[in-house]
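Keeping their order, the protein sequence lines are chains A and B. So my numbering is basically just the index in the first sequence, starting at one, shifted up by 1011. So my numbering is basically just the index in the second sequence, starting at one, shifted up by 1011. Glycine included, every Cβ here is placed at the ideal spot set by N, Cα and C. So the structure is just underneath, and the comments pick up after that.
2 protein chains.
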Amino acid sequence: MATKIFIVDDHYMVIEGIHSLLQNEKNIEWMGHASNGASCLAFLIHEKPDVILMDINLPDINGIDLCKTVKLKYPDIYIIGLSTFNQQSFIEKMMENGASGYVLKNATQHELMEAINMVAAGKQYLSFDAALALRKPEHENDTPVITRREKEVLAHIADGMTNNEIAQTLFISVTTVDTHRKNLLAKFNARNTASLVKIAMQLNLLAIN
Amino acid sequence: MATKIFIVDDHYMVIEGIHSLLQNEKNIEWMGHASNGASCLAFLIHEKPDVILMDINLPDINGIDLCKTVKLKYPDIYIIGLSTFNQQSFIEKMMENGASGYVLKNATQHELMEAINMVAAGKQYLSFDAALALRKPEHENDTPVITRREKEVLAHIADGMTNNEIAQTLFISVTTVDTHRKNLLAKFNARNTASLVKIAMQLNLLAIN
DNA sequence: GTAAAAATCATGGAAAAAGGGGAGTAAGTA
DNA sequence: TACTTACTCCCCTTTTTCCATGATTTTTAC
């Protein structure tokens, strides 16, 4: 029985590339593609693929959230994350939200087929580089654990607000905000606000929640 | 006479996609691909394509600089920039460095062929969206034009260095660094260092030079 | 060769952040 | 219950940034 595949990616060339890679595979049934989250969800109302290859960068919604939505509505559909980024935070969040695999866009045909077959069989698959990123020991793991409040403060800092302004919007004292700021600097091992924001952006703590 | 095409892109799926799109075109001769700048230059020593499709994001060198290098050595080769980003600054720099066209990775087969044919005929081609971005009036352009020195200072700021430290590493006065910093804040319309770094990261000015 | 743009330097003052302390409360866990 | 964690608050000092204003010298581009 052929595995029914559906792609969500806004780059026509990538879709075409995957299509081409899968064209001669006998046990693959190509169901088509969507170029954004909305049309993906619309497609799923009437059609049920076995595996969805889902890009993380979509125009209307990010793939991480789309993954969650799809998995909630259709738990039987397996999802493979697809991205050019090999960042631990992306991979982790994608897997946390129910994805069964993660493949980089520079994967070979062999890797892609392996991923699809593994995932369709109910197993998990991480491309080599992705697995490497995840297997880093904790001390090499560069993403610090920050609390809910710290994340709020961090977001406001990155938006250019001063401690005073943050204190007013969060209805807390300036000194409290200052404490959070100091803790953030310590946790991120940052020398000052500038490097704090850079590191947070690199870890995607400010773009995708 | 067929147009000889060569691709430089580090994403296998994109290469495969373009290959697939061009496979049935009679007047296209596929010469192969390189996945980084170095192997592209190595290839060009012995082989001379008519048109190179060049990704902006490469592992070893950015496409903008590679474009310059290739054009210097082989002015007869036409280059089409290839990117997922529709940012004015990228497009401009690519064209300034001698590219004849710019195509987004979500371009259709028709657009791609049009680009190749136009460029091979010595004309220029910008994909619709790219052209739109370029025609935006200056006040709608969200990527400010910053100078070489400002970019250096910006990078150092984002790395957490103080004005004093930056001054020492660049062998200039602290007040000069301060001036650059002020100009950066003004150009980015940022309230302080934190928002400056965030905006710069969002515009990819700290990852790609 | 000239005009524009970029890079350089400066003063002085107000505002904010960084660094170093200490400390109480509430909530959940072992 | 004892312990940990998150969140809250405070003081003081030093450093750094931010702001306003002005000016000179190189580079670059036409």
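Mapping DSSP to helix, strand and coil, what is residue i?
i	result
B/Y1023	helix
A/G1092	strand
A/D1237	For chain A, the structure presents residues 1012 to 1220; residue 1237 of chain A sits outside this window and is missing.
A/T1014	strand
A/M1212	helix
B/G1133	coil
B/G1043	strand
A/V1156	coil
B/G1028	helix
A/L1115	strand
B/I1172	Residue 1172 of chain B is actually Met in this sequence, not Ile. B/M1172: coil per DSSP, three-state reduction.
B/S1184	coil
A/N1203	coil
B/L1217	coil
B/H1150	Its pLDDT being 46, under 50, B/H1150 is placed unreliably in this model, and the value from its coordinates should be taken loosely. B/H1150: helix per DSSP, three-state reduction.
B/K1082	helix
B/G1074	helix
A/K1037	coil
A/E1058	coil
A/S1138	coil
A/G1048	helix
B/N1194	helix
B/A1126	helix
B/D1236	Since the displayed chain B opens at 1012 and closes at 1220, residue 1236 of chain B lies outside it and no answer follows.
A/A1110	coil
Would residue i and residue j qualify as a contact pair, given that the criterion is a beta-carbon distance under 8 angstroms?
i	j	result
A/L1093	A/L1055	no
A/M1105	A/I1072	no
B/L1166	B/L1217	Note that residue 1166 of chain B is Ala in the sequence shown, not Leu. It is a contact, given that the beta carbons lie within the stated cut-off.
A/I1088	A/V1081	yes
B/N1108	B/K1079	yes
A/A1169	B/K1209	yes
A/L1083	A/G1048	no
A/V1156	B/V1025	no
Report the rounded CA-to-CA distance for residue i versus residue j, giving the unit in angstroms.
i	j	result
A/N1035	B/E1122	26 angstroms
A/A1178	A/M1172	10 angstroms
A/V1130	A/M1012	15 angstroms
B/A1205	B/K1037	54 angstroms
A/Q1120	B/R1159	41 angstroms
B/V1164	B/V1188	7 angstroms
B/Y1113	B/I1029	15 angstroms
A/A1110	B/D1020	27 angstroms
A/T1154	A/L1214	7 angstroms
A/A1045	B/S1031	19 angstroms
A/M1184	A/N1174	What sits at residue 1184 of chain A in the sequence shown is Ser, not Met. Taking the straight line joining both Cα atoms gives about 9 angstroms.
A/L1052	A/P1070	14 angstroms
A/K1193	B/M1212	22 angstroms
B/T1180	A/T1014	58 angstroms
B/N1128	B/L1033	12 angstroms
B/F1182	B/T1095	38 angstroms
B/P1148	B/L1196	Note that B/P1148 scores 48 on pLDDT, short of 50, meaning its location in the model is unreliable and no value can be drawn from it.
B/S1050	B/I1018	11 angstroms
A/P1086	B/N1200	45 angstroms
B/A1126	A/A1126	34 angstroms
Relative to the C-alpha of residue i, which candidate in the options has its C-alpha closest?
i	options	result
A/H1022	B/H1044, B/E1103 and B/N1117	B/N1117
A/I1016	A/G1112, A/I1029, A/P1060 and A/G1048	A/P1060
B/K1162	B/H1191, B/N1175 and B/L1115	B/H1191
B/A1132	B/R1160, B/V1062, B/I1157 and B/L1033	B/V1062
B/Y1136	B/L1115, B/V1156 and B/K1084	B/L1115
B/H1057	B/M1042, B/S1046 and B/N1047	B/M1042
B/E1103	B/I1075, B/N1128 and B/T1014	B/I1075
B/M1124	B/I1018, B/I1039 and B/N1203	B/I1039
B/E1176	A/S1138, A/E1027, A/S1050 and A/R1202	A/R1202
Is residue i near the ligand PLP, with its Cβ less than 7 angstroms from a heavy atom?
i	result
B/R1160	Ligands are entirely absent from the displayed structure, and the ligand PLP is therefore not among its contents.
Exercise. If you measure beta-carbon to beta-carbon, which residues of the region 1194 to 1208 of chain B are closer than 9 angstroms to chain A?
Worked result: Those would be A1201, R1202, N1203, T1204, A1205, S1206, L1207 and V1208, in chain order.
Exercise. Between the region 1021 to 1050 of chain A and chain B, which residues of the former have CB atoms less than 9 angstroms from a CB of the latter, in chain order?
Worked result: D1021, H1022, Y1023, M1024, V1025, I1026, E1027, G1028, I1029, H1030, S1031, L1032, Q1034 and S1046
Problem set entry | chain A contacts made by the region 1115 to 1134 of chain B, where a contact means CB separation under 7 angstroms | K1116, N1117, A1118 and T1119
Problem set entry | Interface positions of the region 1151 to 1182 of chain B facing chain A (Cβ-Cβ less than 7 angstroms), listed along the chain | For the region 1151 to 1182 of chain B, the set of positions with a beta-carbon nearer than 7 angstroms to some beta-carbon of chain A reads I1168, A1169, D1170 and G1171 in chain order.
Problem set entry | Near-chain A residues of the region 1068 to 1089 of chain B (beta-carbon distance less than 7 angstroms), N- to C-terminal order | none
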